[in-house]
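Note sheet for the following structure.
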Amino acid sequence: MRLATHLALTFALALGVASGCVTVRPEQRSFLADPTMRFDSEPADEAALQHVLENREGSFGGGSVEGGGCGCN
Amino acid sequence: MVRSVPPRWARVLAQPLLAGLVLWPAPARAQVAEVNLRNTLFHEPSSKGSQMTVINPALSLSVMPSDWLTVTGRYEADIVSGASEPVKAGPLSTPDIISQASVKDLRHIAGGGFTLTRRNTRLSAGYTYGREEDYRSHGFSVSTGTDFFQRNTQIDLAYARGFDQVCNVAYPESRDPTLRQSLDTSDGCFTSSAARQALDIDINNFQASWTQAWTPVFTTQLTTTFQLINGFQGNPYRGVVIGPTGQIAQEHHPENRARTAAAIRLKYYVRELRTAFGLSGRGYRDTWDILGQTYQLDAERHMSSWLRVLIRGRLYSQTGALFWSDDYTGGEPFYGPRGQYWSGDRELSPLKSAMIGGRVLGHWQGAKGARNLGMFLSSSASASVDLVNTFLEDFTLAGEKPDDTFALILGLNFNGTF
Numbered sequence: 023m024r025l026a027t028h029l030a031l032t033f034a035l036a037l038g039v040a041s042g043c044v045t046v047r048p049e050q051r052s053f054l055a056d057p058t059m060r061f062d063s064e065p066a067d068e069a070a071l072q073h074v075l076e077n078r079e080g081s082f083g084g085g086s087v088e089g090g091g092c093g094c095n
Numbered sequence: 053m054v055r056s057v058p059p060r061w062a063r064v065l066a067q068p069l070l071a072g073l074v075l076w077p078a079p080a081r082a083q084v085a086e087v088n089l090r091n092t093l094f095h096e097p098s099s100k101g102s103q104m105t106v107i108n109p110a111l112s113l114s115v116m117p118s119d120w121l122t123v124t125g126r127y128e129a130d131i132v133s134g135a136s137e138p139v140k141a142g143p144l145s146t147p148d149i150i151s152q153a154s155v156k157d158l159r160h161i162a163g164g165g166f167t168l169t170r171r172n173t174r175l176s177a178g179y180t181y182g183r184e185e186d187y188r189s190h191g192f193s194v195s196t197g198t199d200f201f202q203r204n205t206q207i208d209l210a211y212a213r214g215f216d217q218v219c220n221v222a223y224p225e226s227r228d229p230t231l232r233q234s235l236d237t238s239d240g241c242f243t244s245s246a247a248r249q250a251l252d253i254d255i256n257n258f259q260a261s262w263t264q265a266w267t268p269v270f271t272t273q274l275t276t277t278f279q280l281i282n283g284f285q286g287n288p289y290r291g292v293v294i295g296p297t298g299q300i301a302q303e304h305h306p307e308n309r310a311r312t313a314a315a316i317r318l319k320y321y322v323r324e325l326r327t328a329f330g331l332s333g334r335g336y337r338d339t340w341d342i343l344g345q346t347y348q349l350d351a352e353r354h355m356s357s358w359l360r361v362l363i364r365g366r367l368y369s370q371t372g373a374l375f376w377s378d379d380y381t382g383g384e385p386f387y388g389p390r391g392q393y394w395s396g397d398r399e400l401s402p403l404k405s406a407m408i409g410g411r412v413l414g415h416w417q418g419a420k421g422a423r424n425l426g427m428f429l430s431s432s433a434s435a436s437v438d439l440v441n442t443f444l445e446d447f448t449l450a451g452e453k454p455d456d457t458f459a460l461i462l463g464l465n466f467n468g469t470f
């Protein structure tokens, strides 16, 4: 329960900081919207590579989700 | 006057049907379809006969009948051929066993799903069925995501549930694990054969991700993953030498495993170089006491209006599982049993790996009203090459280091919208 409380507080604090720091306006997103700046811009390619690597390692997870915070989804 | 009241099940069914009828007449504005063809080749050469080759062709088709709906179907296969050691022995084991058994397998995976999109929010659901001679899987997944703070912040949550089954020898539950023998063939699996049984594996995956744009050229992503697995987690074909006189028993792993990983990724665009640099780090831990860490660096650049090139490098290291030993026949550590389980799985041994590779991708956007190759509004094709070298710290096959530790991964990908 203590861990969950700490995680929730950290998450809330991080979001608060994030909202206060937001300075990227829509007209400034040209670089962020570029596919080279997207996490997993080629999801099928990344998933296939991850599939191979996870079969040769004892670990799992932490994989990227699509998106780049660029508003281009 | 008596009014007939429809039964409760009919009312329950009628509500979503009515809602669907109300939504259905919405004009189909998008009407775009996307096809993806991919083939991945994994090859691990060996001069000792334990080479492995996996070919993974895949096809997916997504249809967007409306602005708010995407429906996807996909199929892929894993075509496995090669050889592996059916018995894991250590340097102290007698007799010295390094024999190979040929491995041939074909796995089919088919699935489908949909995504609903409304303004800044997405909701997806999907189902996947996997089938091979000795393994079956049903996977259900749901995910949702939203953008806020002027779309500078993105939160994604995902949950997946797997109902898998693996074939094994039909031994009674009461049989001591030291007396269980490994499976020698998949013949009779998932039939009424009295010599086979199907063992359940339940898998729960949770993932949360926070993506944040901090400046016009800098963005980060924080991802955490939790996985819970319950069921048979060994390789039913693998035996392990567990006695000084050469007694062999089927690999025996714990039935429960909780795994967690956290990763941070950074992307920074250097305008002067017209290149996006990515840096990521991942930490991993599970209840089998494996600790892992991964670091990756990549750079991607537009070489022209249609061509971009990516190079990447990755380092990985992990500790061994708590019960891992290279030889279970010794009296005490370093060689000897560690608890009540035994394994011949080198992925549970302490190891490091290094990967280097890259990708070349071409993207073609048709002029307004024109189509590429006579049918695609836009299309892209890519080819990737990655080389992985694994350094096994204390894994041997009867005292000899395996030589199938170098792997080549080739990928070909085509994507088109029409």
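Heads up: the protein sequence lines correspond to chains G and R, in order. Every number in our numbering is 22 more than the matching position in the first sequence, counting from 1. Every number in our numbering is 52 more than the matching position in the second sequence, counting from 1. Idealized CB from N, CA, C, for every residue including glycine. Keep in mind that this is a model prediction, so the values were computed, not measured.
Worksheet item: Given ARG183 (chain R), which residues of its chain have a CB within under 6 Å of its CB, disregarding the five upstream and five downstream residues?
Response: HIS160
Worksheet item: Can you find a CB in chain G that lies within less than 8 Å of the CB of ASP254 (chain R)?
Response: no
Worksheet entry | Nonlocal neighbours in the same chain, by C-beta distance under 8 Å from TRP376 (chain R), ignoring five residues either side | ARG390, SER395, LEU400, SER401 and PRO402
Worksheet entry | Distance between LYS319 (chain R) and ARG51 (chain G) (C-alpha atoms, nearest Å) | 14 Å
Practice prompt. Verify whether the separation of the beta carbon atoms of ILE461 (chain R) and PHE94 (chain R) is less than 8 Å.
Written response: yes
Fill in: Listed by chain order, chain R residues near GLN50 (chain G) by CB distance under 8 Å
PRO268
Fill in: Proximity test, PHE258 (chain R) beta-carbon vs the ligand HEM heavy atom, cut-off 7 Å
In terms of ligand content, the structure shown is empty, and the ligand HEM therefore cannot be addressed.
Worksheet item: Among R:GLU307, R:ARG227 and R:GLY335, which one has its Cα closest to the Cα of ILE316 (chain R)?
Response: R:GLY335
Practice prompt. Could you have a look at ALA70 (chain G) and say whether DSSP puts it in helix, strand or coil?
Written response: helix
Worksheet item: If we ignore side chains and look at the alpha-carbon of each, how far apart do MET116 (chain R) and VAL123 (chain R) end up?
Response: 6 Å
Fill in: Environment of ILE300 (chain R) [buried if 16+ CB atoms lie within 10 Å]
buried
Worksheet item: Hey, is ALA55 (chain G)'s beta-carbon within less than 8 Å of any beta-carbon in chain R?
Response: no
Worksheet entry | 3-residue-minimum beta strand (DSSP E) runs that sit fully inside the region 376-443 of chain R, ordered along the chain | 403-417
Fill in: Same chain only: Cβ atoms within 8 Å of GLY388 (chain R), ignoring 5 sequence neighbours per side
SER377, ASP379, TYR380, THR381 and GLY382
Worksheet item: chain G beta carbons: is any one of them nearer than 8 Å to that of ARG311 (chain R)?
Response: yes
Discussion item. So, under 8 Å CB-CB, THR40 (chain R) and SER133 (chain R) are touching, yes? Tell me the CB distance rounded to an integer number of Å.
Written reply: No information on residue 40 (chain R) is available, as it lies outside the stretch 53 to 470 that chain R covers here.
Practice prompt. Can you give me, in chain order, the residues of the region 63-80 of chain G that have a beta carbon less than 7 Å from any beta carbon in chain R?
Written response: GLU64, ALA66, ASP67, ALA70, LEU71, VAL74, ARG78, GLU79 and GLY80
Discussion item. So with CB distances below 9 Å, who are the chain R contacts of THR32 (chain G)?
Written reply: Residues of chain R passing the Cβ test: none, with the nearest at roughly 11 Å.
Worksheet entry | For ARG170 (chain R) and PRO77 (chain R), the rounded distance between their alpha carbons | Note on PRO77 (chain R): pLDDT 43, under 50, position unreliable in the model; no value is reported.
Item to complete: Could you please give the first and the last residue of the uninterrupted beta strand (DSSP E) stretch that includes PRO117 (chain R)?
Response: 104-118
Worksheet item: Under 8 Å between C-beta atoms, does GLY365 (chain R) make it to chain G?
Response: no
Item to complete: Using a Cβ-Cβ cut-off of less than 9 Å, give me the residues of the region 451-462 of chain R that come near chain G, in sequence order.
Response: ALA459 and ILE461
Worksheet entry | Nearest residue (CA-CA) to GLY214 (chain R), options R:ASP252, R:HIS415, R:ALA422 and R:ASN308 | R:ASP252
Practice prompt. Tell me whether VAL46 (chain G) is buried or exposed, calling it buried when 16 or more other Cβ atoms sit within 10 Å of its Cβ.
Written response: buried
Worksheet item: Are any of the Cβ atoms in chain G nearer than 8 Å to that of THR442 (chain R)?
Response: yes
Item to complete: Could you check the C-alpha separation between TRP416 (chain R) and MET427 (chain R) for me, to the nearest Å?
Response: 12 Å
Worksheet entry | Cα-Cα separation between ALA373 (chain R) and SER81 (chain G), rounded to whole angstroms | 11 Å
Worksheet item: What residues from the region 264-295 of chain R come within 7 Å of chain G, judged by C-beta to C-beta, listed N to C?
Response: GLN264, ALA265, TRP266, THR267, PRO268, VAL269, THR271, GLN273, THR275, THR277 and GLN279
Worksheet entry | Candidates R:ALA210, R:ILE255 and R:ALA265, of which the one nearest GLN202 (chain R) by Cα | R:ALA265
Item to complete: Tell me, to the nearest whole angstrom, how far the beta carbon of GLU303 (chain R) is from that of THR327 (chain R); I am working on the premise that it is less than 8 Å.
Response: GLU303 (chain R) to THR327 (chain R), Cβ: 46 Å. No contact.
Practice prompt. Report the residue from R:TYR187, R:ALA110 and R:SER99 whose alpha carbon sits nearest the alpha carbon of VAL87 (chain R).
Written response: R:ALA110
Item to complete: State the start and end residues of the unbroken beta strand (DSSP E) segment that holds THR243 (chain R).
Response: Taken as a continuous stretch (DSSP letters only), THR243 (chain R) belongs to no beta strand (DSSP E), as it is neither H nor E.
Discussion item. Within 8 Å of any Cβ in chain G, is that where the Cβ of TYR211 (chain R) sits?
Written reply: no
Discussion item. Between R:GLY125, R:THR198, R:SER114 and R:ARG311, which has its C-alpha nearest THR173 (chain R)'s C-alpha?
Written reply: R:THR198
Fill in: Delimiting residues of the beta strand (DSSP E) encompassing VAL132 (chain R)
121-136
Worksheet entry | chain G residues whose Cβ lies nearer than 8 Å to that of ILE342 (chain R) | GLY80 and SER81
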